[in-house]
Amino acid sequence: MGFLSFRRRRADTLPTDRLRRLVQRWLAPWPHLAPDERELLLAYTDTLVHELRWETARGFSLTDEMRANVAAHASLLVLAFDDGLASYRDVTSVIVHPSTIVRTGVHYLGDGLYTDADDPIIGEAFHRGPVMVSWDAAAFQARNPERGENVLLHEFAHRLDMLDGLSDGTPPLRDEAAMAEWVRVCTSSLRVLRAHEEPSVLRSYAATNPAEFFAVATEVFFTRPTALRQENAPLYAVLRDYFGQDPARRWPQPITP
């Protein structure tokens with residue numbers, strides 16, 4: 130898988146049968162994956178569970194459920210990538226907080242703006258650093274995919290975006306043609322979202338900047354794919370081509386508001 134060599138310590142062992150049950154419990158698309166996709170996802174999840182450095186904050190106790198939920202969602206994103214888990218080689222650790230995280234001090238808002246105001250968040254990804262998530266949010270959102278929100282998909286999408294050294298909403302793509310189409314579609318979609326021209330399956334936070342647009346679109350692509358494809362077929366298509374997956378085909382869903 131090209132991932133083990135990057136890791137520094139091994140976590141407590143989680144037996145394969147128990148891991149499978151936990152992934153089935155937490156990953157909503159699981160029943161709709163093909164058998165070979167399930168086995169690959171389990172293999173990737175097992176690697177992340179056992180080879181990533183896992184930490185907790187504020188005296189929180191780490192559980193098997195936390196590791197399995199986080200790792201399964203991270204694995205889903207890269208399931209069709211040629212280099213698989215190598216996309217996460219620079220993730221130094223996963224830090225699980227019990228609830229909302231409050232950022233203090235000066236921090237970047239995007240679009241060249243900074244603030245020193247306290248900022249409550251449910252997750253954050255750092256370039257060549259850790260991924261932080263709120264367990265309350267991660268658990269609730271995994272159980273309610275119809276809401277179209279998933280902090281785990283969101284933060285690991287940021288890590289994919291950062292693979293070229295930038296957090297700009299454009300991850301590394303296969304060629305110049307794919308890059309041009311991505312920029313055209315995402316720029317147009319972001320402009321429409323910011324103009325509030327019509328209700329959207331993408332929540333308003335996606336309008337913050339291109340990086341957040343990509344992360345939010347990724348959440349919806351994997352949790353409400355049919356709704357996204359109906360609302361914005363070109364955006365769905367560039368995400369389908371990038372991730373190498375077609376979740377609306379394998380997981381048909383009713384269109385809900």
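When we follow the working numbering, the leftmost residue of the sequence shown carries the number 130, and every step to the right adds one.
Positions of the beta carbon are idealized from the N, C-alpha and C atoms, including for glycine.
Practice problem: Kindly list the residues whose CB is nearer than 7 Å to the CB of residue 310, restricted to its own chain and excluding five residues on each side of it in sequence; keep chain order. | Solution: 367
Quiz item: Which of helix, strand or coil does DSSP assign to residue 321?
Solution: helix
Quiz item: What distance in whole Å lies between the Cβ atoms of residue 364 and residue 333, which are believed to be in contact at a cut-off of 8 Å?
Solution: That pair is no contact at about 16 Å.
Quiz item: Between residue 209 and residue 170, what straight-line distance do the alpha-carbon atoms span, to the nearest angstrom?
Solution: 10 Å
Quiz prompt | Integer Cβ distance of residue 352 from residue 381, believed to fall under 8 Å | solution = 14 Å between Cβ atoms; not a contact.
Self-check item: Counted within 10 angstroms of its Cβ, other Cβ atoms place residue 359 as buried (16 or more) or exposed
Solution: exposed
Quiz prompt | Distance between residue 191 and residue 173 (C-alpha atoms, nearest Å) | solution = 20 Å
Practice problem: Within 10 angstroms of the Cβ of residue 176, are there 16 or more other Cβ atoms? Answer buried if so, exposed if not. | Solution: buried
Quiz prompt | Alpha carbon of residue 339 to alpha carbon of residue 283, nearest angstrom | solution = 13 Å
Quiz item: By a C-beta neighbour count over all protein chains shown, 10 Å radius and 16 as the cutoff for buried, is residue 293 buried or exposed?
Solution: exposed
Quiz item: For residue 261, which residues does DSSP report across the bridge?
Solution: 224, 253
Self-check item: Which of helix, strand or coil DSSP assigns to residue 353
Solution: coil
Quiz item: Are the stretch 274-291 and the stretch 190-204 in contact at 8 Å, needing three or more beta carbon pairs?
Solution: yes
Quiz prompt | residue 231 - partner residues in DSSP beta bridges | solution = 249
Quiz item: Can residue 289 and residue 223 be called in contact, C-beta distance under 7 Å?
Solution: no
Exercise. Assuming residue 254 contacts residue 226 (C-beta within less than 8 Å), just tell me the rounded distance between them.
Key: Contact flag wrong, Cβ pair sits at about 14 Å.
Quiz item: Is residue 271 closer than 7 Å to residue 155 when the C-beta atoms are compared?
Solution: yes
Quiz item: In the DSSP assignment, what are the bridge partners of residue 184?
Solution: 224
Exercise. Could you say which of 214, 251, 219 lies nearest to residue 232 if we only look at CA atoms?
Key: 251
Self-check item: Uninterrupted alpha helix (DSSP H) stretches inside the stretch 286-341 (no shorter than 4 residues)
Solution: 305-324
Exercise. Can you give me the start and stop residues for the alpha helix (DSSP H) that residue 153 sits inside?
Key: 145-155
Exercise. For residue 376, collect the residues of the same chain with a Cβ closer than 7 Å to its Cβ; drop the 5 residues on either side in sequence, then sort them by chain order.
Key: 158, 350, 351, 354
Quiz item: So, is residue 298 buried or exposed, given that buried needs 16 or more other C-beta atoms within 10 angstroms?
Solution: buried
Exercise. Keeping to the same chain, check which residues put their C-beta closer than 7 Å to that of residue 369; ignore five residues upstream and five downstream.
Key: 375
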